[in-house]
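Q: From first to last, the protein sequence lines stand for chains A and B.
Everything in the first sequence is counted per the numbering used here, starting at 806 for the first residue and increasing by one.
Everything in the second sequence is counted per the numbering used here, starting at 2 for the first residue and increasing by one.
Ideal Cβ placement from N, Cα and C applies to all residues, glycine included.
Below is one structure. I have some questions about it.
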Amino acid sequence: MSCCVSPHEQRLLDKIEGKEDIYRASHPRVFKILETFDGMRPIIDVERAQYFTESMKETEGEMLCLRWAKALKHIAENITVYIDEDNLICGRGGVKGRYGLLYPELDGDFLGVAIEDLPNRTESPFSISEADARIVVEDIAPYWKGKTYHEALNAAFPKEVHKLSYDDPEGLNSRFIVNETSSFRSSIQWVHDYEKILKRGFGGIKKEAQEKLDALDPLSPIDNVEKKPFLDAIVIVCDAIITWARRHAVLARHEAETCTDAVRKAELLKMADVCERVPEHPARTFHEAVQSQWFTQMFSRIEQKTGTIVSNGRMDQYLYPYYKAEIEAGTLNDDEALELLECLWVGMAQFIDLYVSPTGGAFNEGYAHWEAVTIGGQTPEGRDATNELTYLFMKSKREFPLHYPDLAARIHSRSPERYLAEVAETIKDGSGFPKLINDEEVVPLYVSKGATFEEAYDYAVSGCTEARMPNRDTYTSGGAYINFVAAFEMVLNNGKMLKHGDEELGVKTGDPREFKTWEEFWDAYEKQHTLFLKTAFHQQYVINNLRARHFAQPMGSAMHDLCMKHCLDLHTPQIPEGINMGYFEHMGLGTLVDSLAAVKKLVFEEKKLTMDEVIGACTCNFEGKEDVRQLLMTAPCYGNDDAYADDIACKVDSLNVLFGQKYAKELGMHNDIRYVPFTSHVPFGKVVGATPNGRYAWTALSDGSSASHGADKTGPTSVLLSNYNSKNYGHRDRAARMLNLKFTPKCLEGEEGTDKMIAFIRTFCDLKLWHVQFNVINKSTLIAAQKDPEKYRSLIVRIAGYSAYFVDLSPDLQNDLIARTEHEAM
Amino acid sequence: MTPQAIQNTTGTVFNIQKYSVHDGPGIRTVVFLKGCPLSCHWCSNPESQSFAPQLAYNANKCITLSQCVRCGEICTAGAITRGEDDTVAIDWEACTKCLACTGACPAGALITYGTTETVADVIDQVEKDASFYARSGGGLTLGGGEPLAQPTFALALLKESKRRYIKTAMETCGHVDREALLTACRSLNMLMFDIKCMDTSRHKAFTGVGNETILANLTAVVEAFPKLPIRVRTPVIPGFNDTPEEIQAIVDFLKRLPVEYELLPYHRLGSQKYTSIGRDYPLGDISLDNDKFLALREISKQIGIAKK
Ligand code: SF4
Ligand code: SF4
């Protein structure tokens, strides 16, 4: 009569009953591999850090890019290589199973503490062997003491900036007020030009570098001091990855010799051939293309801390020629193509992004993964780009519901009906894929920021919700995350916060009990807000100047047109012709807007409460003040297509947009407002007391541009419209906006449900919203999984631009997900 | 009527439900009008039956008398008493329906069902989702209660929707003024029409009225508007019409008419609401057997397409 569970939920129930997964028989290889690490606690592998450190000790004083290339060569020659049982694709940076790497150059000052802490951390724990722990503490950490980026940054922040950034003098713990994220990882959301590697190989790039070297003016100071070491680094790094790949070929051949299973033996020999060929040379087959991409991607993870956000790019575009040629020649069928791709997925799934700082761990719960595969969208000429491979990616997502890689479906005004129908069906499957990114917002915006139409049409999704143009973007630093709910609290407490007692943190805007009008209150808020913006931009100024002295990425640069053209490392603050697209992050929009609306309405307009009552109720966390809390909650809320609240949201957004417009120029970048919190709305909430929207003290803030929990009462159409209402479309100084929606399977039931989902997505596209993602799940399933995690180990949920195993999340975040409003069709 | 007069027409609305996907094509907004000529025992919207705004109380939302006594302070009739767990209990006998308490309650535990609204206000609300209607083929659905029990208001709502190019549908129990129904059909893109039982005395026993007007009205609509899509619906109620004979009788009646037919399974989701307005649930503790329903649905398939 009616469907009550999603296919994903059904498969979980089957598993609990001991039934075999319905897709296991058609995907035997990857299911077998998956079972070797499913739900396992990740292990820290120290080899990368060890060899990196060894080499860096030897090269002090040389140009950083060259040192980095030499270190990579040293790693490539010495790191253990592995051929995974049953897998057809090889290349990993650490031990078998789920593993993470260390990057001491970034935040090695945390290492000592972290090695003791990590196994017991609530958010994303890791294991490490005693012998390896000793290597970290005795060999690695001491060298980096005083040399890490994080220490330099901590020392470089002016006092007023530091005060809002860190809790302690060493900067080990964030204040979660104006939080810098540049020390979490070496790059922001990035995407490599994989197509270039498939077409030319690292051998081709090496040749280009050599030709450039030969053409240098032997007398020119710039050519010799700047360009030559850069080009030398490119040659070395190309050799490094080729060496590393060939070591896999040798190992595969070696394993084939002793292999008694004839089928596996043939596979190993084929793998050996492939690894000899790529990524040095252009790929000729689908298998070679996939292997070449994976070597490139994996080695870039070894090169620097990518935060797993170096995305896979537009896979359905750059792999398509290889797929099509082989399908036509009859040398490949869909099942084989799928199997190769899924071998890649399980490889990705085993590499875990290890955040050693507690702040990083809390930001990225559930071992966050963002290696988004982009599908659909438009060609550089602005025509629809979907092809058969596009559909194969979605099929893989439905049948093999691993939560990596993330799948990002580009939507545009002429997306074909079949594409949208399959997108809708995949969403209905219930594991949170794909997320949707809107060409109609991204393309014109990027053109306005300086891209050509061709580049803008060819963007790839990266990170949770970002869009990148592989050869035009040049900006690499993570931006500030700003807790504007804390700014609100500072208005209530004349520049102080409940958590920090008498410490003067914000602007002294006066006792709000004396404010006569809403305008006075808003002025005070604007002052606190502006202080935070100012702090964020000051942070960014320091960061931009500091990073190039600590990071280089010769391999990333080798793949970038502009870096090769100008012989500059990708971490260089300004690269000619590049577009620097940075961002800063607005935390807790819904919480903030609803709190402002409650004060405006109940205190200044209806006068049902005094400011003193509001402050009193928030200070005591509403204890014994439930009536005040309830009254406050009668105010209009963001997320209901209600102009009262949405106008406030738009006004708040315009503070951000206008500040960016005015001051980003001084940073030499676009520094645009973004609403994408990962999982950080939980830790940011932990520093803010109760708020007038009825939120209890220290609980999660609203996430992204979504409404506060339970505040969106008029359904998902209103949620989209509020999002639309709160945007300042007249200005270009905006970046991604994340929007989460939760549906019950019941309201998307059947063909009719699919049709309505398609219409919903088309309207999302019409409204020019940036991003939307869906959880299609019953609340009861989440609650059951929280009670009995063992049984629900493979339950995948969409969190924040990525999906994760529900049981990997901390109880706080689990509760947060359960509390998200569930949209039922009435 | 002038457009101005249409927009200023008022009526009583008890709910506006956005993102409705089960009441007609596409993504829709349902506007529920208050008041109904029938009083079906199974009604899942008992708050829609009476015409006047009415008090409802939900103890789950009451934050307890020790935290808040606003309603007790304002009620002069002594209808607010202490109930279980320190929450309020309404003395429905004593309550004078003055509704003063609903304005005072901060928690939404005491609320008024039904507010007076103008056509302009209602359609402004409906129009907000216009971009979703455009993409999904959805629009406004009038529901109730019985929309045509407030004929002037219902017709004005439909007219104003048409003027703004919003597609319209209406749910009716059929026991309405013939002229009003035919006028409404002129502004409708779809009609959903309930036929509950072919035996008029049983019909009267369970709904309060016989079925003669209803059957004649359906025939009249079909004759006057042969092109209007009509979906006939039967709520299947245990002990009332959940037999093959009952459904077959309706099917036989519908056979000569160009309509779709759909059975709606009985559910008791509305039973809570009876308590909230101080009434007992007339059907007590019954439930519909799923296999039985599926068998009946097979019978219904003799007519057009029945969804689900
Ligand atoms: S509606 Fe009834 S309970 Fe409420 S104030 Fe009036 S008499 Fe009292
Ligand atoms: S006013 Fe509302 S919340 Fe307060 S005691 Fe009465 S019913 Fe309960």
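#1: For the segment 1508-1521 of chain A, which residues have a CB atom closer than 9 Å to at least one CB atom of chain B, in sequence order?
#2: Any C-beta of chain A within less than 7 Å: which residues of the segment 113-136 of chain B qualify?
#3: Counting only beta-carbon atoms, is A:A1440 nearer than 8 Å to chain B?
#4: Taking only three categories from DSSP, how would you classify A:P1594?
#5: Give me the chain B residues within the contact set of A:S1523, using Cβ-Cβ distance strictly less than 9 Å, ordered along the chain.
#6: Counting only the same chain and skipping the five closest in sequence on each side, list residues whose C-beta sits under 8 Å from that of A:C808.
#7: From A:V1347 to A:L1373, what distance separates their C-alpha atoms?
#8: Per DSSP, which one or two residues make a beta bridge with A:N1288?
#9: Is the beta carbon of B:I112 within less than 7 Å of some heavy atom of ligand 1?
#10: For B:G27, go through chain A and note every residue whose CB falls closer than 9 Å to its CB, in chain order.
#11: In chain A, which residues lie with their C-beta within 9 Å of the C-beta of B:P107?
#12: Return no unless some Cβ of chain B is closer than 8 Å to the Cβ of A:R1500.
#13: Helix, strand or coil for A:G1606, going by three-state DSSP, please let me know.
#14: If you draw a straight line from the alpha carbon of B:T77 to that of A:Q1435, how long is it in whole angstroms?
#15: Just reading off the beta strand (DSSP E) that A:N1243 is part of, what are its end residues?
#16: By the 7 Å beta-carbon criterion, what residues does the segment 1132-1152 of chain A contribute toward chain B?
#17: Would you kindly check if the distance between the Cβ of B:W43 and the Cβ of B:Y267 is under 8 Å?
#18: Are any of the Cβ atoms in chain B nearer than 8 Å to that of A:G1606?
#19: Apart from the five residues just before and just after B:A185, which ones in its own chain have a Cβ nearer than 7 Å to its Cβ?
#20: What residues in the segment 1568-1585 of chain A bring their beta carbon closer than 8 Å to a beta carbon of chain B?
#21: Could you give the C-beta distance for A:V900 and A:L1056, rounded to a whole number, given that I count them as a contact under 8 Å?
#22: From the DSSP secondary-structure annotation, give me the bridge partner or partners of B:P236.
#23: Does DSSP put A:A830 in a helix, a strand or coil?
#24: With C-beta atoms as the reference, is A:T1270 less than 8 Å away from A:I1242?
#25: Only counting the same chain, and skipping five residues up and downstream in sequence, which positions put a Cβ closer than 7 Å to that of A:I1623?
#26: So the candidates are A:K1254, A:S1236, A:G905; which of them puts its Cα closest to the Cα of A:P930?
#27: Using a C-beta to C-beta distance shorter than 7 Å, which residues of chain B count as neighbours of A:D1446?
#28: Should B:T88 be listed as close to ligand 2, given that the test is whether its C-beta is under 7 Å from any heavy atom?
#29: Sort out for me which residues DSSP pairs A:W995 with in a bridge.
#30: Below 8 Å CB to CB, which residues in the same chain sit around B:L66 once its five sequence neighbours on both sides are set aside?
#31: Answer with buried or exposed for A:I1027, where buried requires no fewer than 16 other C-beta atoms within 10 angstroms of its C-beta.
#32: With a 10 Å radius around its C-beta and 16 neighbouring C-beta atoms as the bar for buried, classify B:L295 as buried or exposed.
#33: What's the gap between the Cα of B:R298 and the Cα of B:G240?
#34: Would you mind reading off the limits of the beta strand (DSSP E) that contains B:V31?
#35: Can you list the residues of chain A that B:Q273 reaches, using a CB-CB cut of under 9 Å?
#36: From the DSSP secondary-structure annotation, give me the bridge partner or partners of A:M1274.
A: In short, the structure shows the following:
#1: T1519, G1520, P1521
#2: K129, D130, S132, F133, R136
#3: no
#4: coil
#5: K19, Y20, K129, D130
#6: Confidence at A:C808 is low in this model, with a pLDDT of 49, below 50, so its placement is unreliable and the value that follows should be read with caution. Closer than 8 Å at Cβ, skipping near neighbours: P1550, K1551, E1554, G1555.
#7: 21 Å
#8: A:M1392
#9: no
#10: D1560, K1561, A1564
#11: K1413, E1431, D1432, V1433, R1434, Q1435, L1436, L1437, M1438, T1439
#12: no
#13: Its pLDDT being 46, under 50, A:G1606 is placed unreliably by the model, and nothing is read from it.
#14: 24 Å
#15: 1240-1243
#16: none
#17: yes
#18: Below a pLDDT of 50, predicted positions are generally treated as unreliable, and A:G1606, at 46, falls in that range; the measurement from the model is reported next regardless. Not one chain B Cβ lies under 8 Å of A:G1606.
#19: L149, A155, L156, L159, M171
#20: T1568, D1571, L1572
#21: With 8 Å as the limit, A:V900 and A:L1056 do not qualify as a contact, their Cβ atoms being about 15 Å apart.
#22: B:L265
#23: coil
#24: yes
#25: K1584, L1587, I1588
#26: A:G905
#27: K129
#28: yes
#29: A:V1115
#30: G73, R83, D87, T88, V89
#31: exposed
#32: exposed
#33: 17 Å
#34: 29-34
#35: Within chain A, no residue comes near B:Q273; the closest Cβ sits about 15 Å away, beyond 9 Å.
#36: Answer is none; A:M1274 lacks a bridge partner.
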